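Chains as they are written, first to last, in this note's numbering: chain E, 33 to 306; chain U, 33 to 306; chain S, 33 to 306; chain F, 33 to 306; chain D, 33 to 306; chain W, 33 to 306.
Don't be surprised by glycine CBs; every beta carbon is placed ideally from N, CA and C.
Bear in mind that the values here come from a model prediction, so they are computed numbers and not experimental data.
6 protein chains.
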Amino acid sequence: MRLGEMTWTEAREAIASRVTAVIPLGSIEEHGPHSPMGDYAIVDEIAARAAELTGDVMAPTIPYGYSEYFRNYPGTITLRESTLDAVLTDTVDCLLRHGFPRIAIMNGHAGNAGIVELVARRFSRTRGLVIPSIAPLGLMQAPQVVARVYGPNAELGHGGEPVGSLWMHLRPHRVRLERAGAWGRRKVFGCPTDGLGAITVEGMRVAVPLDMEDVAPPETGSLSDPGLGTPERGRAMLEYAVDSCARFLRWFRGIDPYLGTGGSLPEQAGRPRA
Amino acid sequence: MRLGEMTWTEAREAIASRVTAVIPLGSIEEHGPHSPMGDYAIVDEIAARAAELTGDVMAPTIPYGYSEYFRNYPGTITLRESTLDAVLTDTVDCLLRHGFPRIAIMNGHAGNAGIVELVARRFSRTRGLVIPSIAPLGLMQAPQVVARVYGPNAELGHGGEPVGSLWMHLRPHRVRLERAGAWGRRKVFGCPTDGLGAITVEGMRVAVPLDMEDVAPPETGSLSDPGLGTPERGRAMLEYAVDSCARFLRWFRGIDPYLGTGGSLPEQAGRPRA
Amino acid sequence: MRLGEMTWTEAREAIASRVTAVIPLGSIEEHGPHSPMGDYAIVDEIAARAAELTGDVMAPTIPYGYSEYFRNYPGTITLRESTLDAVLTDTVDCLLRHGFPRIAIMNGHAGNAGIVELVARRFSRTRGLVIPSIAPLGLMQAPQVVARVYGPNAELGHGGEPVGSLWMHLRPHRVRLERAGAWGRRKVFGCPTDGLGAITVEGMRVAVPLDMEDVAPPETGSLSDPGLGTPERGRAMLEYAVDSCARFLRWFRGIDPYLGTGGSLPEQAGRPRA
Amino acid sequence: MRLGEMTWTEAREAIASRVTAVIPLGSIEEHGPHSPMGDYAIVDEIAARAAELTGDVMAPTIPYGYSEYFRNYPGTITLRESTLDAVLTDTVDCLLRHGFPRIAIMNGHAGNAGIVELVARRFSRTRGLVIPSIAPLGLMQAPQVVARVYGPNAELGHGGEPVGSLWMHLRPHRVRLERAGAWGRRKVFGCPTDGLGAITVEGMRVAVPLDMEDVAPPETGSLSDPGLGTPERGRAMLEYAVDSCARFLRWFRGIDPYLGTGGSLPEQAGRPRA
Amino acid sequence: MRLGEMTWTEAREAIASRVTAVIPLGSIEEHGPHSPMGDYAIVDEIAARAAELTGDVMAPTIPYGYSEYFRNYPGTITLRESTLDAVLTDTVDCLLRHGFPRIAIMNGHAGNAGIVELVARRFSRTRGLVIPSIAPLGLMQAPQVVARVYGPNAELGHGGEPVGSLWMHLRPHRVRLERAGAWGRRKVFGCPTDGLGAITVEGMRVAVPLDMEDVAPPETGSLSDPGLGTPERGRAMLEYAVDSCARFLRWFRGIDPYLGTGGSLPEQAGRPRA
Amino acid sequence: MRLGEMTWTEAREAIASRVTAVIPLGSIEEHGPHSPMGDYAIVDEIAARAAELTGDVMAPTIPYGYSEYFRNYPGTITLRESTLDAVLTDTVDCLLRHGFPRIAIMNGHAGNAGIVELVARRFSRTRGLVIPSIAPLGLMQAPQVVARVYGPNAELGHGGEPVGSLWMHLRPHRVRLERAGAWGRRKVFGCPTDGLGAITVEGMRVAVPLDMEDVAPPETGSLSDPGLGTPERGRAMLEYAVDSCARFLRWFRGIDPYLGTGGSLPEQAGRPRA
């Protein structure tokens, strides 16, 4: 259930019933010339459906993420890393104050992962609490899922699939496939690029900070073929993600998040547990 | 139009057509035992409708605000002041980078106003840009509006009206009026309270930091009578707010936000303009 | 008594006798072309007299405040908000370390109020201590006081009264009434201004960061008529403020600042007190 | 002249006449059981008299300093180093904005010197401006001055002279010589102490953070004999300091603070000037 | 050449000859019960040899890194992320001030990579400068290298190889193979672990902050078999790394680090390069 | 012993045997045109030898220090004060976590002393732990040592002796005496300079931030005669320093660093110990 649609006394009851608080993280950034930018709406949908299935509580989706390398594309809004850290920290602090026994993050944007780890590690150190996070858009890009939904040899990537298909399913009238253009991966300094943070020089990985317009055709920002998108594929991907997240939430209910990892090792102990 | 539902090329076109970027600010906090906490949905609705009327672009609503004095009520999520400052600053920075010629804030939660002013003043100093903000829920509580919608002598206040009515209009099935309980304003140290930041001692205003449970019946958090709520009143209030915001946006189109206030006084000038 | 004129063993005795520590906050900023800028001297005088009457201890007056909107007027010194926060926090920390059982603030400059609230709220959260603050220059501008001292229909305001009269009483030779010039309130964007943070657009309040030279005649910085000033009025205002502050300090002696507000609600409790 | 007693138009005129802005720094801390704590009043007096002699402008004295090692003595108020840095930085920023052509610091408390250097170095780097500082209470403790005023072999030190004499001259009724007690310098770890930051171990200087109660008799905090104090000595010391500061201010008028040191070396130059 | 063994005039000459400044980053952390902790010495050796081959200048190796997840093992010293960021930023700032035309990082510890990226991205934004980084210990673990040096099917990993072999080559008398004990990878919550930041739950990757004692036998901290170590393998690995780094430095000399990536896109441009 | 050459189980044993952890601090900065810049290597050598003599553990030498006033000389790398503070704080935190019973600092660069004091004072306040620091290069410049090694009337100073001699002893082939040039001390504003932070104006000390090129011949950066350098003098100085540091470490073993200074005075006590 959405926390924002609950009254405070309903929230009190939910806490008493020991449900998990789910924090969805989104972003708003270029997804090719044909897809809407607000991918926060996708993770919002996935998290809401999963929480509905498991009876957990979902906090409002944070619509801005860390999208620094997309920032030159009009409409992309990126938080600084320290800002996203602070938003997430404050949110967790409040949920813990109210007594939620466990907290999970559903991260809809890969760029947020580093900050999520930082924040989770800090809560592990300071409270001995494990806050797990799951990335539904990452899960749906596992090879076997892609093969099942798109057939063999399909290549997905930013600015194309699977986000295009997801939008076709969720907001069909907002996708403008006729605007899609060139896609692919460019070289930098004459070397192949590897994600948004490295190039390959004579077979060696060399880390270099890249922007999206460096690695994709700058006039589109598309790494993969938007032509692969269909509403059916979007629906299949979405259902897979909802199902995965629900499975995760059910698993998490069986875990004691205050037990079982080094995070709960008392500060005063100077050596690893034998 | 919602920025999150636009592609980046559509955003580029909107910027070229010189529209205003609207940033709505919400919050999630107790609103009595009967009303949903997520008032961000109200300002989101108001801002979206107003921007639709005027053709401006609306950034995703920030769903968390500064709600410190409500923080003991389960479900309330409050950002630290520095966090909200950072989120708003980052958002404005991105919109300016992309070339939006003017930016306006629609603030759905009174507690955010101090931070909004800080941020606006900073952009005024550093860029000579005026970023105005308007508070639709404040506007609808002007005496003449209240008198028209509620009749004479009605008293509105947090944890009651007008938020209850607005929810009855927007999410009728989520309001649980049967849960409403005691309402009113309590004394602290035996003295009348004045908002959430002062008491009156022998006729003198004494500033004291208060929490909602100090000034309202703690078991409800309601300062005004929830029984005044009706969907019709909610609708009337909402329409008034939408209309006001649209009028504001139209007025703002006629203003040069880089001209006409002291904010644009060059730093090196040491004296006021004669 | 002034803490700065006590020896440390006298301070130890005063603490043992359970007096209040009073922290006066001032500022130095334009007050029209005719009045001295250092209004810290006014609150210093008021606080010292009040503390003398009640036997409380007064810390040295902090002579700089948050006067950002006056900053273009030569001689105005403004601290950043974070700076004033730090100064006040450090001062309170020291007084608490030494064992003062209660602390009160006398704030001589309206612009400081937001920071005072922030700091007070933080001490309320972290120590369960209520630090009240009172604004003597605000109290003396209550309508009934103004009517008694100035007669009916007098309008006071920055850059004119009552500060001019107070200086005529305290430092007659430092007031240069012959320099007073135009006074009044200007429009911005063709709209009436409302304080230093808003304009009224078609009846709606729109928050906008303003500077003093935007809202008053820039060549004077005077919002109200300096011609209303007389030493007698200054004396009456000062005596009213001293008497009010003494009453406040006596009242405060009867309060347990660690009891009675939500500030002392233990962090681990997740719900409001029933 | 005191800036706080000037109107803003007088300040504008003073700036136009190219005078120096003097910032006095004080502190409030234990000075033995017999002397008042507020030594800010001493530097305030010295700076005001010197500025009167030379026609320069004196900003309000900052009454709190960095007095960390005295902090256990009731009544001592110490700013964190970052706080004093911020106060001084903000003050200089404002004075420069208004056009003061040169700024000097009169530092009445040795503990502030490190922060003064940090701030001065920063302005040297960022604006190429030299902000000199002078320590009147240090100057008056030069051997030849001490010999002239106290006779041969006199030893001065914190919690005794010369501050006791200065107070006897400035506020005779506030000195309580009958409270003076033991004085001298203690050992720590069985080793002689060297100031408040070191001990001597087998002839070697070992830096160790000490508090005043470590190095002086804790029940007094006096390092030197309070019995040496007389009002005449206080007067002689004060006059020497005023005269020295005036000489310094006159010398400073002849210097171009933007020329002549490495501070003005442009950032882009990578090598020392040949 | 090592910068620390050059005089400042030699540094000036090296800059004039347009060499690259190399910054090596190390760490000190557990590497199993048998290997020394100071792996900074390994990257120091590699970087020095490579720079000697190419004629570039090597700054002193920073011996501490971000080793947070090893922190419970005695002797591990970890910098906070913000600390390492600051050290690296200051180092780059100084080298740029002196005129080095290009800067490269040799990162000897995988945990530092995230901070290196942050810092590099910041310099890309603020100066348009590309600072590449290369990880010699990563390069030597490429499958084909491992197969060549260790034979087929060898598995390397923290707390075992290749660091053990490298130490056997560099400091044979400091390796205590008799102390090596159990090695391998443990489960957390009954699930397989994936690096130090994730577990696999029902086939799904779930991010969780882990410590080394969670994923390896806590009494050793070894993930791979120390018994694979030989001095010959260490020598082969070291030579491979030196050769790779030298190739990288030669390649870098041919690149204009101020040209060719989005980092140099001027801030004022609001759209990607077409 | 060097911590970096120990395995983690050896570190655990060393901690159990209650040795001291020594943290050496170095710097890299101009030392005249003839001497290498990396003086971190000197303190590294001294600390390693001393720790070897006493059986204590030496952490890796931090090779960068606070050398701000040398920063215009190519090759000088200076950390900001806050950066060095953070590095030292993190290092101490880790050593304390692991259980080292006592920590000492060997500071090889005078410019670091202020930051060392700050950090030491903070640990004294927060943990009641005394962290002493010793400056081997300072100790060797005591008058009696200089007289013994250099003969009467020798004057040492930055950019000349004793660093030149130390390098001749440690890295003879890296000293290029033929590059030495003019040496001496310059005037600023026509006044004698006093260290790097003051000038003497008409007999008065005036604090002014200076750079090395202000006080020494800028084309050399040498304050004292490099011609005094010989390898024998370097050896004598080094041995003196090693012996002094060893004596200090032995003395420190007999001290309880948690007892005996005001640092351990509990926060809640408001008065000095009688």
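By the Cβ-count criterion, S/GLY183 is exposed, with fewer than 16 other Cβ atoms from all chains shown falling within 10 Å of its own Cβ. Inter-residue distance for W/LEU120 and S/PRO56 is about 38 Å (C-alpha atoms, whole angstroms). With a cutoff of 8 Å on beta-carbon distance, W/LEU255 and W/ARG217 are scored as near each other. For D/ASN139, the closest C-alpha among the options D/THR262, D/ILE109, D/LEU171 and D/GLY160 is that of D/LEU171. By the neighbour-count criterion, in which 16 or more other beta carbons inside 10 Å mark a residue as buried, F/THR232 falls on the exposed side. When DSSP reads this structure, E/GLY213 sits in no beta bridge, so it has no partner.
Interface annotation for the segment 124–147 of chain U against chain E: CYS126, LEU127, ARG129, HIS130 and GLY131, criterion Cβ-Cβ distance under 8 Å.
Just so you know, the alpha carbons of S/MET236 and U/MET269 end up roughly 15 Å apart. Fully enclosed alpha helix (DSSP H) runs of no fewer than 4 residues occupy 168–171 of the segment 146–179 of chain W, in order along the chain.
Look at F/TRP215: its C-beta is not under 8 Å from any C-beta on chain S. Distance from the CA atom of S/VAL54 to the CA atom of S/ARG157, rounded to whole angstroms, is 21 Å. Here the alpha carbons of U/ALA145 and U/THR115 stand approximately 14 Å from one another. For S/PRO241, there are no C-beta contacts with chain F under 7 Å, since the nearest C-beta of that chain is about 17 Å from it. The way I'd put it, the segment 98–111 of chain S doesn't touch the segment 70–80 of chain F; fewer than three beta-carbon pairs between them come closer than 8 Å. DSSP places U/THR52 in the strand class (E or B) of the three-state scheme. In the three-state reduction of the DSSP assignment, E/VAL238 falls in the strand class. Not a single CB atom of chain W sits nearer than 8 Å to the CB of F/LEU281. One alpha carbon belongs to U/ALA142, the other to E/ALA142, and they sit about 34 Å apart. Counting the other Cβ atoms within 10 Å of the Cβ of W/ALA152 gives 16 or more, which makes it buried.
Residues are counted here when their Cβ sits less than 9 Å from a Cβ of chain F; for the segment 70–83 of chain S these are GLY70, ASP71, TYR72 and ALA73, given in chain order. The C-beta of F/ALA48 has fewer than 16 other C-beta atoms within 10 Å across all chains shown, which makes the residue exposed.
The Cβ atoms of U/ILE147 and U/ASP125 do not sit closer than 8 Å to each other. A direct Cα-Cα distance of roughly 7 Å separates E/VAL195 from E/HIS63.
Taking a beta-carbon distance threshold of 8 Å, E/VAL233 counts as an interface residue toward chain D. In this structure, the CA atom of F/PRO249 is about 6 Å from the CA atom of F/TRP215. DSSP, reduced to helix, strand and coil, places U/THR41 within a helical segment of the structure shown.
With a threshold of 8 Å between beta carbons, S/ALA152 makes contact with chain U. Under the DSSP assignment, S/ALA136 falls in the beta strand (DSSP E) whose first and last residues are 134–139. Contact of S/VAL238 with chain U by beta-carbon distance below 8 Å involves PRO164, SER165, ILE166 and PHE280.
Assigned with DSSP and collapsed to three states, E/ARG34 falls in strand. Between S/PRO289 and S/VAL89, the C-beta gap is not smaller than 8 Å, which leaves the two residues out of contact.
Taking C-beta atoms under 8 Å as the contact rule, U/TYR96 and U/SER59 qualify, at a distance of about 7 Å. For D/MET269, no pairing in a beta bridge is given by DSSP. Inter-residue distance for W/ASP122 and D/ALA212 is about 29 Å (C-alpha atoms, whole angstroms). Per DSSP, reduced to three states, the secondary structure at F/MET90 is strand.
Under a criterion of Cβ atoms nearer than 7 Å, the residues of chain D adjacent to W/ALA91 are, in order, ILE109.
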